[in-house]
Amino acid sequence: MKRRTFWTGLAVLATAALLGSVVLIADHLSPQKAEQGQGRAAIGGPFSLTDHTGQAVTQDILKGKLSLVYFGYSFCPDICPTDLQLIAQALDQLSPEELADTQALFVTIDPERDTVTQMADYVALFHPSIRGLTGTPDQIAGAARSYRAYYKKISAEEAGTVDYLMDHSAFIYLMNRDGDFVRVFGHGVNPDEIVEWIRKVRAG
Amino acid sequence: MRNIARTLLISAAASLLLAGAAQAEISVSNPFSRASAPQAKAGAAFLTLNIDAGADKLVGASSPVADKAELHAHLMEGGVARMRPVEGGIAVNAGTPTELKPGGLHIMLMGLKAPLKQGDSFPLTLTFEKAGEVAVTVPVQGPGAMGPMQGQDHGSHGDHAGHQH
């Protein structure tokens, strides 16, 4: 009986912890939250990276265009291609005018493997309006900090695989023309929803 | 494109029949993979497994296109994607198809020897605990394909597979 109480208690605690973390994450990502706090967005900020053509870029590339920002890695065979495809599908639905006003940034969290050439090859698979961004490990860490993107290298030994893997948060951030955070979309979002929001933001 | 895919599926089925003649209870359907970048080192194969009676376990895979094929699962926890090898194999039980699909289980191809090109196909050997080896031909779809027999868009970027909401 005592044992059962213990396990029930543990289950309750675990559930509470899980719910708590979901609430925390939801709160952390809520656009309302981003719009509060002295006009400073909770997500987004400075970065210094290299794009897939080898050009050095900063957060200034966000200015004047709507941007979809996604952190992932090219070695990822499942989650990242799915989300990049959703982004490509959203971009494909835009009118030429809307498309000229919109860009997508794929920021690698695996700079070790994702060289400039690798990024160029990879983004080309999906859409011409997707810009691949890489950098030094420090630069990537800085960009991820700005966007509160989470990533962690899992060594081959730890993972029990032939090559190392990366854990990473899989969110698509929509940023406005000022480079400020508007909204986040989760993994597997319907591209129609992205299009709807792009149009909403463009309509001002 | 549709015809090519159909032919590939038929050849996949034929190779299955040949390989699985002694142990006919495992069937593999809807195999597909995604096109990779020219220098990509990794890819994935997705498919559905069925067994007509009893249970078996997919314990390994291999393909001449990659140094190694591993059984992987993707877990999404609080928006964080974690990919890990599957411990102890993937169970296949009669009456319930076991789907290896984007966002869940997949066969991870590590150390690709050549890029996977859309429209091509490659051989994959699945190893089951009881049934032994089963050969499959895996057609390569678009880079973000969510299922087989799609990707009929011949545009230079992205097919429109996967829009299943």
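Protein sequences, first through last, are from chains A and B. The first sequence runs 731 to 934 under the working numbering. The second sequence runs 2 to 166 under the working numbering. Even for Gly, the Cβ is constructed at its ideal location relative to N, Cα and C.
- Taking 9 Å as the threshold, the shortest C-beta distance from Glu100/B to chain A does not fall below it.
- For Ala818/A, the closest alpha carbon among the candidates Arg913/A, Tyr852/A, Gly890/A, His857/A is that of His857/A.
- Among the bridge pairs identified by DSSP, Tyr894/A is matched with none.
- Under the 8 Å Cβ criterion, the segment 63-78 of chain B does not count as touching the segment 865-878 of chain A, having fewer than three qualifying pairs.
- A check of alpha carbon separations from Pro921/A across Leu779/A, Leu824/A, Ala830/A identifies Leu824/A as the nearest.
- Around the beta carbon of Pro98/B, a 10 Å sphere encloses fewer than 16 other beta carbons of the protein chains shown; the residue is thus reported as exposed.
- Around Pro867/A, the same chain offers Pro841, Glu842 as residues with beta carbons nearer than 8 Å, after the five sequence neighbours per side are excluded.
- Gly918/A has a beta carbon lying within less than 9 Å of a beta carbon in chain B.
- DSSP, read as helix, strand or coil, puts Met147/B in coil.
- For Gly80/B, there are no CB contacts under 6 Å within the same chain when 5 residues up- and downstream are skipped.
- Put simply, the CB of Lys69/B is near chain A, with a gap under 9 Å to one of its CB atoms.
- Going by DSSP, Ala889/A is part of the alpha helix (DSSP H) stretching over 886-889.
- Cβ neighbours of Lys795/A within its own chain (closer than 7 Å, five residues either side excluded): Asp831, Thr832, Gln833, Arg907.
- In the displayed model, Pro807/A falls within coil according to three-state DSSP, outside both helix and strand.
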